[in-house]
Every structure is written in C-alpha cells, then in structure tokens.
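A.B. asks: To start, I am sharing the structure in question, which I have written as structure tokens.
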Amino acid sequence: MVAYTILSGLLFGLYFSLMAIGLNLIFGVMRMVNLAHGDFIMLGAFAAFFAYTLWNMNPLVTMVFVFFLFILLGGALYYLVVPRLLRAQDPEMLSLILFFGLSQVIQALAVIAFGNNQRSIDYTALGSGTVFLFGQGFEESWVVVAAVSLLAIILVSIYLYATKLGVATRAVMNHREEAASAGISVHRVSAYAMGIGLALAAIAGVFSPFMIGSIDPTMGTDLTTTSFAIIIIGSLGNPIGTVVGGMIYGLSLMYMESYQPSWSSLVPYLLLFIILLLKPSGLLGRRMRNA
Amino acid sequence: MRNGYKAGFVLLVTLLLFAVGTHLYSNEDMWFQAMVYLALAQGINILYGFTGYLPFGYVGFFGTGAYAASLYMTDFHLNPIVAILGGGVTALIVGLLLSPLLRLSGAYFSIGSLAASQMIYYTVSNPALQAVTNGPYGMNLEAFYNPAESYTVMLVILAFTLAATAYLRYSRMGLALRATREDAVSAAMAGIPVVRMRITAWLLSATIAGLVGGAFAWHISVFYPNTVFDLNVSIFAIVFTLFGGGASLLGPIIGMVVLYGLYNWIGISAPQYFQLIYGVLIVMLVLFLPNGIMSLFRKKGYDVP
C-alpha cells in the first residue's frame with residue numbers, strides 16, 4: 072500500500088508538473104497571471120475527445136497537432152492583448168482580471184459548442200495493459216502519460232538552457248529592461264513563451280481524460296487553482312521548480328486519497344494556503360516578493 | 033460638503049427604490065437578490081476600490097455568514113436577527129484569522145483568498161462533518177421562513193453598507209486608504225498606519241458579506257453548500273464593481289443596475305450567452321476602460337459621488 076501510494080504519487084506528480092509548467096513559464100516571462108490556464112487544458116481535452124471519437128486518433132498523435140495549433144494561438148493572443156496591457160498602471164493585477172474574463176468567454180463558448188455534458192474517452196486508447204514497477208501494478212495509460220510528461224519537461228529544460236531563444240527567455244525572466252537593452256527582442260521572446268505555455272497546457276489537457284477523469288466545459292476553474300497551487304509550491308517564475316511542486320502535490324493527493332478520501336479535495340487549497348503564508352516565494356524561491 | 037449631499041441623495045434614492053420596488057414589480061426574489069448583489073459589490077468595493085486588494089474568495093465570507101446564521105437559528109434557537117448579527121461576527125472572526133493574507137501582494141492575495149474560500153467550502157460540505165453542518169445536504173430553515181421580515185433586514189444591511197461606502201468615499205480614512213493603494217510606502221511615510229487601515233477595510237468588508245449571507249440564508253430558507261459558496265457570487269460582485277468603477281458609491285450601483293438587468297433579461301434563460309457577454313465585457317473593460325464607466329465622467333471633470 073505505501074509503495075503503491077508513493078509510486079502512483081510520483082506518476083501523477085509528473086503529470087501535474089506538465090499541467091502547471093506552462094502557467095509558470097508565462098508568469099515568469101511576462102508577469103501575467105493566466106487565470107484561463109485551466110480552460111486551455113479543457114480545450115486540449117476536448118480536442119483529444121473529438122479526435123478520438125470522430126477519427127479514432129491516438130491521443131499521442133493528437134498531442135502533436137494540438138501543440139503546434141496552440142503555439143500559433145498563444146502567439147496571436149500575445150500580440151492581441153499583452154503589449155497593450157503592459158502599458159497600464161498595474162499590469163499584473165489587470166492581467167488577472169483580463170484572463171479571468173477570457174476564461175469566462177472560453178467556458179461560455181465551450182458550453183455553446185460542446186454542450187454541458189460530461190464526456191470521457193475509452194481509457195484503453197493509451198494501452199490497456201498493466202505495467203509493473205517495483206512489484207506494483209499500474210494502469211498502462213498512467214505510465215505512458217507520466218513518460219510523455221517527463222519527456223516534455225526535459226524538452227522544456229533543453230529549450231530554456233540550451234537554445235538561443237531559451238537563454239533569451241531566461242534573460243527576460245530575470246530582468247526585462249536589461250534584456251531589452253542587451254538587444255533581445257522582448258516581444259518575440261514573450262510571444263514564444265505565451266505560445267509554448269498554452270501549448271503545454273493543451274497537451275496536459277489531451278491526457279486529462281486518462282488522469283483526471285471525465286471532462287466538461289467548466290472543468291477549467293478547478294484546474295487553474297490546482298496549477299497555481301503547484302507553481303506556488305515550487306516557486307513562481309521558475310519553470311523547473313514546478314516539477315518539485317507537482318511531485319509534492321501528487322504525493323500528498325495520493326496519500327490523502329488512500330487514507331482520508333473525503334478530505335482529498337481540500338489538498339491543493341490547503342497546500343497553496345500554507346505555502347503562501349509561510350513562504351510566499353515558494354520552496355525554491357530565492358527572492359522575497361514585496362509582501 | 034456639497035459632495036456629501038450628493039452621496040446622501042444617491043443613498044436615499046437607492047434605498048427608496050428597494051423599499052417600494054416590490055410594489056412596482058412584484059417579483060420579490062429579483063429585488064432581494066439585487067440587494068444581495070449590490071451589498072456584496074459594495075463590500076468588494078470597500079476592499080478592492082479603496083485598497084486595491086481583489087478578493088476572489090469573497091464568497092467564503094458570504095457562505096460563512098449563511099451557515100453560521102443558520103446554525104445559530106437551528107441549533108441555538110436564536111432569534112433570526114440576532115443569528116444574522118452572529119453570522120456577521122463569525123465572518124469577522126474568520127476575516128481576522130485570514131488577515132495574514134493581506135501580507136501578500138496583488139495576484140498572490142487574490143489566489144490566496146480563493147484558496148481560503150475553497151477550504152471553507154470543502155470543510156463545510158464534507159460528509160465527515162455531517163453531524164455539524166449536515167455536509168453536502170445543506171440547511172433547512174423553513175421553521176423560521178419569513179420573506180417580509182427578511183426583506184426588511186436585508187434593506188437595513190444594504191443601508192449600512194451604502195453608508196459605510198459613502199463614509200469611506202468622503203472621509204479622511206477613505207482618502208488614506210486610497211493613498212495606500214496608490215503608494216503604500218509614501219503613505220506610510222506621511223504617517224498613515226497602512227497595515228491597520230487595510231485590516232480595518234478587510235474586516236469591514238468581511239463582516240458585510242457575513243451579514244448579507246445570513247440574511248440570504250434566512251430569506252431563501254433552504255440551501256446547499258454549493259449555493260452559498262458558489263464562486264459566481266464573487267464573480268458577479270467583482271464584475272459589477274469593475275464595470276461601474278471602484279472607490280465610489282455610485283459605480284457599483286450603476287454596475288449592478290446595468291449588468292443585473294442584463295442578467296434578468298437574458299441570463300436566466302441562456303446563462304452561457306450571459307457568461308459570454310460578461311466575459312467579453314471584462315476583457316474590453318480591462319483593455320479600454322480599466323477604471324470603469326464612472327471614469328468617463330471623472331475625465332469630464334464631474335465629481336462622481
């Protein structure tokens with residue numbers, strides 16, 4: 072029981088890291104609070120659902136299409152709203168409200184387009200067998216999703232630490248003005264970050280029917296708060312710290328579901344609240360934000 | 033002081049409208065809900081408009097007040113009015129316990145308050161606490177049901193809320209709060225007790241939500257945890273305030289009249305279209321009119337009460 076709880080916590084932890092990492096990338100680069108994050112996850116989930124039911128498409132294939140589609144979408148969204156927002160008096164607060172409005176728009180459109188019903192994908196779409204890890208049996212789909220999540224996180228790290236654009240991205244994260252004066256095109260870097268951030272959210276959405284359960288147009292709100300809990304645990308603005316947050320969240324969620332199931336929905340909020348009060352900069356945060 | 037009269041006029045007209053409203057248009061529930069949302073919007077206004085802290089989890093206080101008042105009525109057999117006051121006091125205590133949230137800035141505070149309200153919700157609605165809160169099965173106050181009296185009590189709460197906002201709009205304290213919102217460090221150097229001011233506004237705002245929650249529970253008499261902890265309650269109140277413009281008495285009133293009118297017109301039959309409209313509205317407001325409709329009049333040099 073203990074080994075199973077820990078291992079499934081780690082598998083889900085990898086998935087939750089993937090779910091939250093895009094939110095952190097966007098916050099880190101442009102200090103924008105994307106309250107519509109969960110709704111992009113929902114859109115990814117519906118993409119997977121329709122691709123599977125209409126064309127019998129494997130979610131792993133859908134993932135590739137969704138990734139590029141949402142990069143374009145994110146870039147467009149960036150140029151549409153962010154430069155204007157950055158000129159305002161308090162961009163961080165206004166971005167919170169703006170993306171909240173966007174979240175309402177996406178949810179409303181999704182209800183109009185998809186209806187209010189719960190949907191689910193046949194869980195065997197990602198493999199129906201049982202995988203044994205350290206003597207414990209897990210659903211194959213969990214292991215596949217965890218492996219893909221790990222791969223995606225490694226690719227994000229390679230992007231941030233080993234490509235020219237990624238190094239520029241980290242420069243913008245550390246100091247916007249200095250990066251601009253060093254000749255980095257802040258807008259281009261930010262547009263890519265927005266695109267990649269939304270694309271990662273949508274990919275997480277593609278796999279959500281296998282990890283979270285049935286999907287519906289209003290599922291985004293809870294996922295947004297969960298993602299926030301994860302990135303704040305790991306520290307805001309540090310995408311790699313998200314992995315720590317995801318693991319802690321996955322482990323505590325699995326622990327609660329095994330031993331105190333009726334209290335398990337309290338976990339993300341409780342963790343978020345404790346971390347915010349004890350160490351608002353997150354477990355890996357170095358600088359204190361003005362509190 | 034001429035401005036003070038203007039605020040008094042707005043206050044009286046609003047209260048009068050709600051006092052005689054049910055004779056003009058007999059849908060009492062609509063009038064009652066309008067009062068609930070207006071009082072909550074002013075509660076948000078007191079916090080967000082004057083201090084810049086936007087509490088997404090404001091509904092937590094509303095639900096706390098509703099549950100506390102109901103439990104005082106059913107378990108302690110208190111008079112409903114005393115129970116509602118108790119609901120306000122309970123929300124005040126919860127606000128006091130949550131006041132460390134004010135150490136957080138901007139977005140962190142909003143998300144932290146959201147987490148706090150969800151924690152209260154999941155605790156109250158937890159099946160493990162069924163003996164105390166009746167868990168997910170809600171509360172039943174039918175033994176105390178009295179629509180006429182609860183309407184009057186709500187009107188009194190609204191009057192208190194509007195008066196509190198009008199006071200902040202024209203008093204030195206409101207001015208100090210707005211100075212704190214613009215630049216906390218300079219305000220502190222000018223001798224304003226920043227932390228104490230903020231906590232006062234936060235507790236006032238929490239108490240208002242608790243009182244409103246209590247009156248709402250009494251009026252509706254049967255409710256479930258997801259009725260009184262519905263995030264949409266926060267959202268409505270926030271949008272009404274943002275639409276009209278914060279830090280004024282009139283802004284949230286205008287926001288409530290326009291948007292709640294819109295809601296009654298199309299929102300009830302087709303909620304998703306209403307959600308779409310107010311989503312688009314929020315985006316447009318942030319991009320083009322971040323200080324609300326009232327800022328248009330302010331720009332023309334008209335002093336909005």
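Note that the protein sequences, when read in sequence, are chains A and B. Reading the first sequence from the start, the letters are residues 72 to 362 in this note's numbering. Reading the second sequence from the start, the letters are residues 33 to 337 in this note's numbering. Glycine included, each C-beta is placed from N, C-alpha and C at the ideal position. Note that the coordinates shown come from a computational prediction; the quantities given were computed from them, not determined experimentally.
Could you run through the segment 164 to 197 of chain A and flag, in chain order, every residue whose CB is less than 7 Å away from some CB of chain B?
C.D. replies: MET164, LEU165, LEU167, ILE168, LEU169, PHE171, GLY172, LEU173, GLN175, VAL176, GLN178, ALA179, LEU180, VAL182 and ILE183
A.B. asks: For PHE63/B, count neighbouring Cβ atoms within 10 angstroms of its own Cβ and tell me buried if that reaches 16, exposed if not.
C.D. replies: Reading off the sequence, residue 63/B comes out as Trp, not Phe. TRP63/B is buried by the Cβ-count criterion.
A.B. asks: Give me whichever residues DSSP pairs with VAL202/A in a beta bridge.
C.D. replies: PHE209/A
A.B. asks: Consult DSSP for PHE255/B and reduce its assignment to one of helix, strand or coil.
C.D. replies: In the structure shown, PHE255/B sits in a strand (DSSP, three-state: E or B).
A.B. asks: Between which two residues does the alpha helix (DSSP H) carrying TYR340/A extend?
C.D. replies: 338 to 349
A.B. asks: At a Cβ cut of 8 Å, what residues of the segment 203 to 227 of chain B count as close to chain A, listed as they run along the chain?
C.D. replies: none
A.B. asks: With a cut-off of 8 Å, does the C-beta of VAL152/A fall near any C-beta of chain B?
C.D. replies: It does: the Cβ of VAL152/A has a partner Cβ on chain B nearer than 8 Å.
A.B. asks: According to DSSP, ILE286/A sits in a beta bridge with which residue or residues?
C.D. replies: ARG190/A
A.B. asks: Please report the straight-line C-alpha distance between GLY80/A and VAL338/A, rounded to a whole angstrom.
C.D. replies: 13 Å
A.B. asks: Measure from the alpha carbon of LEU13/B to the alpha carbon of each residue in ILE286/B, GLU60/B and ASP262/B, then state which is nearest.
C.D. replies: Only positions 33 to 337 of chain B appear in this structure, which leaves residue 13/B out of reach.
A.B. asks: Thinking just about the alpha-carbon of each residue, which of VAL121/B, LYS332/B, LEU124/B and VAL254/B is nearest to the one in GLU174/B?
C.D. replies: Comparing alpha carbon positions, the residue from VAL121/B, LYS332/B, LEU124/B and VAL254/B closest to GLU174/B is VAL254/B.
A.B. asks: Would THR96/B and THR122/B qualify as a contact pair, given that the criterion is a beta-carbon distance under 8 Å?
C.D. replies: yes
A.B. asks: PRO130/A and ALA147/A look like a contact to me (Cβ under 8 Å); what is the Cβ gap, rounded to whole Å?
C.D. replies: Actually they do not touch by this definition, with Cβ atoms about 25 Å apart.
A.B. asks: I'd like to know whether the C-beta of LEU72/B is nearer than 8 Å to at least one C-beta of chain A.
C.D. replies: no
A.B. asks: Listed from N- to C-terminal order along the chain, which residues in the segment 152 to 179 of chain B have their beta-carbon within a distance smaller than 8 Å of any beta-carbon of chain A?
C.D. replies: TYR154, THR155, ASN158, PRO159 and ALA160
A.B. asks: Where GLY198/A and ALA218/A are concerned, what is the direct C-alpha to C-alpha distance, given to the nearest angstrom?
C.D. replies: 13 Å
A.B. asks: Candidates GLN189/A, GLU163/A and GLY268/A: which alpha carbon is nearest ILE112/A's?
C.D. replies: GLY268/A
A.B. asks: So what's ASN158/B in DSSP terms, helix, strand or just coil?
C.D. replies: coil
A.B. asks: Output needed in chain order: residues of the segment 77 to 111 of chain A with a Cβ under 7 Å from some Cβ in chain B.
C.D. replies: Of all residues in the segment 77 to 111 of chain A, only VAL104 come within less than 7 Å of chain B when Cβ atoms are compared, listed by chain position.
A.B. asks: On a Cα-Cα basis, can you pick out the residue from PHE176/B, VAL217/B and ALA180/B that is closest to ALA51/B?
C.D. replies: ALA180/B
A.B. asks: Tell whether a beta-carbon distance below 8 Å holds between LEU165/A and VAL68/B.
C.D. replies: The answer is no: Cβ separation not under 8 Å.
A.B. asks: Consult DSSP for ASN111/B and reduce its assignment to one of helix, strand or coil.
C.D. replies: Three-state DSSP puts ASN111/B in coil, outside helix and strand.
A.B. asks: Rounded to a whole number of angstroms, what is the C-alpha to C-alpha distance between GLY276/A and ILE142/A?
C.D. replies: 15 Å
A.B. asks: For MET288/B, which three-state DSSP category applies?
C.D. replies: helix
A.B. asks: Across which residues does DSSP place ASN172/B in a beta bridge pair?
C.D. replies: VAL254/B
A.B. asks: Rank ALA262/A, VAL137/A, VAL238/A and GLN178/A by C-alpha distance to the C-alpha of ALA253/A and give the top, closest one.
C.D. replies: VAL238/A
A.B. asks: Do we get a CB-CB distance below 8 Å when we pair ALA23/A with the residues of chain B?
C.D. replies: This structure does not reach residue 23/A, given that chain A is present from 72 up to 362, and the question cannot be answered.
A.B. asks: Please list, in chain order, the chain A residues whose beta carbon lies closer than 8 Å to that of VAL312/B.
C.D. replies: GLY172 and VAL176
A.B. asks: What does the alpha-carbon distance come out to for the pair ASN258/B and SER157/B?
C.D. replies: 8 Å
A.B. asks: How big is the Cα-Cα spacing for PHE261/B and SER203/B?
C.D. replies: 33 Å
A.B. asks: Cutting at 6 Å between CB atoms, please list the residues of its own chain near MET128/A, excluding the five before and the five after it.
C.D. replies: ALA122
A.B. asks: Can you pull the chain B neighbours of PHE117/A, defined as C-beta to C-beta under 8 Å?
C.D. replies: Those do not exist, as PHE117/A stays about 15 Å from chain B at its closest Cβ, beyond 8 Å.
A.B. asks: Hey, is VAL318/B's beta-carbon within less than 8 Å of any beta-carbon in chain A?
C.D. replies: Cβ-Cβ to chain A under 8 Å: yes for VAL318/B.
A.B. asks: Look up ASN95/A in the DSSP assignment and say whether it is helix, strand or coil.
C.D. replies: helix
A.B. asks: Below 7 Å CB to CB, which residues in the same chain sit around LEU205/A once its five sequence neighbours on both sides are set aside?
C.D. replies: Residue identity differs from the one stated: residue 205/A is Phe in this sequence, not Leu. Contacts found: ALA74 and LEU78.
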